Amino acid sequence: MIEEYNTVIKNPRKVITRFASCYPNIYRVAMSSMGYHIIYDYLNAREDIYCERVIYPQTKSIETRSDLADFDIVSFTLQFEQDYFNMIDMLKRSNIPLESKNRRPTDPLVIAGGPCAASNPLPISTFVDLFVIGDAEVTLDKIIDVRSDTNNPRADIYDFLDIPGVYKPGEPAKIQQVKNMKDAWRPIYQIVTKTDNKKFMPAFGDNAFLLEVSRGCTRGCRFCMSGCMYRPRRETPLKTLLETAEKTRQVTGHNKVALIGEAVSDYSKIEELCWELTQEGFQIATPSLRIESVTDELLEILKQSGLKTITIAPETIQKQRWKLNKPITDTEIYHTVDRAIALKLKVKMYLLLGTPGETTDDIMELINFLRQLTSKGVRYNTITTSVNPLIPKPHTPLQYMGFDYDDLYDKFKKYSTRLKHRNKKENLKKATIQYVLTNSGAELNSLLKIGKKIAFKDWYKLAYKINEEKEKENYTLPWHEIDVGIKNSFLKKEYKKVETGEITPWCETDGCYNCGSCE
Ligand code: SF4
Ligand code: SF4
């Protein structure tokens, strides 16, 4: 049983543009996405547009049960590379030709946005007419206006390509972002889901709404794509956050607020924000917190607001953390975990295997470190870990690095058999596929057309082929036409620093090092 509130009802015949906002992953993931809520609320605020949701595996809209082919624009939000298969599946099951070149003038314009589409759209470029690089609020209006002026969007494709942040292979584009969070769209009328079925329950529960605290992060972790793409960090003013929370509570009837942002705990007034929200009777939920900015006071406020679990990301052992430009000491981690346990909070930790130059001894050291940490857990399950292989991502200093399935297989085995606490681990085969999807060029389109039935041995071969390419002197990054602001010369310099573990200090405290993003 599932009920929704705040769904927008309009007469599709009375609008100029019908926009299908597709999410190629399941309902609970879609409804936990801030970006997806923003698109819906932002577009429906315009009277001439009706934005409806189409969520995988459905190919009909939730609002009016319309087919994808009935819309003027079909837009996909791509937050995970694995969703490419679902996007292709949705298109195959609709009446829209799968490839852009076969579409008729009357077929919808198919666009895609979100972090995957923006970082490396090449592997899915034949299925999508245009890509949106950056924030929806900056570009979508303009795309819709051009679309409403043409009866044949693909014939008039260059009219769309004049819009900054719109990309098609061969036409380089630069990321477009909201510069000041005062101009970011804040979805007050968020859709509220009531359900007793866990399958449909959004990530923060069915009694929470989302509040966007900031965008971007400049900490500079060398593996982090969003930390490289969405610079600089931009904060929503405190007063605006408190007013937005109150308004959204009235509209949704919910008291629980999930704070959203790349680096929520870096928010300059995080303690004040959490304190004020708690005083106003809000419960608070947060994503992963940056350890250095988690003060004892913040933990106490969060506990008081009803938080039950904190999530932190030590990633690996101290020596390797330095290579990743994450200068957090073991002592700091012990301290945070101790404080959390003393407050009877559960602790969830994210870890990475396969960090640059990682040895078998490093894995043993990580296991010992975790054993010491988990021995602090008073009750079983007080501390849980989730371990993932490091997947080199575009636009990061580690984009030049390969992915070694065989080496990771041995490391995962060693790691998993020696831990006693509850540990979730990413499927290594899926990670290999993700590496290929993230690091390939347009040559992958023909393979993706087949869908999910590709044998793992083929993905494995492709992964090692990419590794070989990366070794070549004249290797060209498949995503070189996408400019996310950060300079390649800076990324190369950072990659060199990985060897020695030299730290590039945080530009917000130690001054600008001219990465290119603020130009
Ligand atoms: S602190 Fe988090 S969001 Fe920021 S760069 Fe590091 S991993 Fe990315
Ligand atoms: S240009 Fe300077 S201030 Fe801006 S994100 Fe880069 S290092 Fe930080």
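Its first residue numbered 87, the sequence shown is counted upward by one per residue in my numbering.
We treat Cβ as the ideally placed atom computed from N, Cα and C, and that holds for glycine.
Since the model is a prediction, treat every value here as computed from it, not as a measurement.
With 16 other Cβ atoms within 10 Å as the buried cut-off, status of residue i
i    : result
F542 : exposed
Y316 : buried
S603 : buried
Y599 : exposed
E605 : exposed
K254 : buried
S351 : buried
S502 : exposed
G347 : buried
S354 : exposed
T192 : exposed
T446 : exposed
D292 : buried
D248 : exposed
H566 : exposed
I95  : exposed
S575 : exposed
N467 : exposed
A428 : exposed
G313 : buried
T338 : buried
I133 : The residue you asked about is not Ile; residue 133 is Glu in the sequence shown. Exposed, by the Cβ-count rule.
D215 : buried
K100 : exposed
Same chain only: Cβ atoms within 7 Å of residue i, ignoring 5 sequence neighbours per side
i    : result
Y561 : E555
G220 : A204, G251, I261, Q262 and Q263
K394 : L431 and K432
P318 : G302, T304, S603 and C604
E358 : L324
L534 : Y170, I174, P209 and I210
Start and end residues, beta strand (DSSP E) containing residue i
i    : result
I346 : K342 to I346
C137 : I135 to I141
Y275 : No beta strand (DSSP E) holds Y275; DSSP gives it neither H nor E.
M435 : K432 to L439
G121 : Taken as a continuous stretch (DSSP letters only), G121 belongs to no beta strand (DSSP E), being part of the alpha helix (DSSP H) at M120 to N130.
N172 : Where N172 is concerned, there is no enclosing beta strand (DSSP E), although the alpha helix (DSSP H) it sits in stretches over D169 to K178.
L577 : Segment N574 to T586 is the alpha helix (DSSP H) holding L577; no beta strand (DSSP E) there.
T381 : Neither: T381 is in no beta strand (DSSP E) and is coded neither H nor E.
K662 : No answer is possible for residue 662: it lies beyond the span of the chain, which begins at 87 and ends at 605.
L297 : A294 to E298
R151 : Per DSSP, R151 belongs to no beta strand (DSSP E) and is neither H nor E.
I370 : Q369 to A371
E606 : Residue numbering for the chain in the displayed model covers 87 to 605; residue 606 lies beyond these limits and cannot be assessed.
I243 : Here I243 belongs to no beta strand (DSSP E); instead the alpha helix (DSSP H) covers I243 to L247.
Contacts around residue i, its chain only, beta-carbon distance under 6 Å, and the 5 residues preceding and following it disregarded
i    : result
K510 : S472
F88  : Strictly speaking, residue 88 in this sequence is Ile, with Phe absent from that position. Result list for I88: T281 and F286, in chain order.
Y581 : P483 and Y486
G392 : Q369
I148 : R139
Residues near residue i by beta carbon distance below 8 Å, same chain, minus five either side
i    : result
F290 : S118, L296, K342, A344 and A371
D493 : G440
N266 : R320
N474 : Y436, L437, L438, L439, K511, E512 and A517
E378 : I414 and E418
Start-to-end residues for the alpha helix (DSSP H) that takes in residue i
i    : result
A331 : L324 to T338
C604 : Premise fails: C604 is in no alpha helix (DSSP H) and is neither H nor E.
K268 : Taken as a continuous stretch (DSSP letters only), K268 belongs to no alpha helix (DSSP H), as it is neither H nor E.
S211 : Looking at the DSSP string, S211 is not in any alpha helix (DSSP H), and its letter there is neither H nor E.
C598 : Run containing C598: none; DSSP gives neither H nor E here.
I230 : A222 to S234
F166 : Run containing F166: none; DSSP gives neither H nor E here.
E401 : That residue, E401, is in no alpha helix (DSSP H); its beta strand (DSSP E) goes T395 to E401.
C202 : P201 to S205
I427 : D416 to A428
F455 : T446 to T460
K409 : Q404 to K409
R319 : Per DSSP, R319 belongs to no alpha helix (DSSP H) and is neither H nor E.
May I ask you to verify whether the stretch 165-179 touches the stretch 513-523, counting CB pairs closer than 8 Å and requiring at least 3?
yes
For ligand 2, list every residue whose C-beta falls under 5 Å from any of its heavy atoms, going in chain order.
Chain-ordered list of matching residues: T304, R317, P318, C593, C598, Y599, C601, S603 and C604.
Is the stretch 267-287 in contact with the stretch 125-135, if contact means three or more CB pairs nearer than 8 Å?
yes
Taking 8 Å as the threshold, find out whether the stretch 380-395 comes into contact with the stretch 410-417 through three or more Cβ pairs.
no
Would the stretch 224-237 count as touching the stretch 275-283 if we require 3 or more Cβ pairs under 8 Å?
no
Would you call the stretch 415-432 and the stretch 585-596 touching, i.e. three or more CB-CB distances under 8 Å?
no
When the Cβ atoms of the stretch 530-550 are set against those of the stretch 449-465, are three or more pairs found closer than 8 Å?
no
Would you call the stretch 325-338 in contact with the stretch 355-363, where contact means no fewer than 3 C-beta pairs closer than 8 Å?
yes
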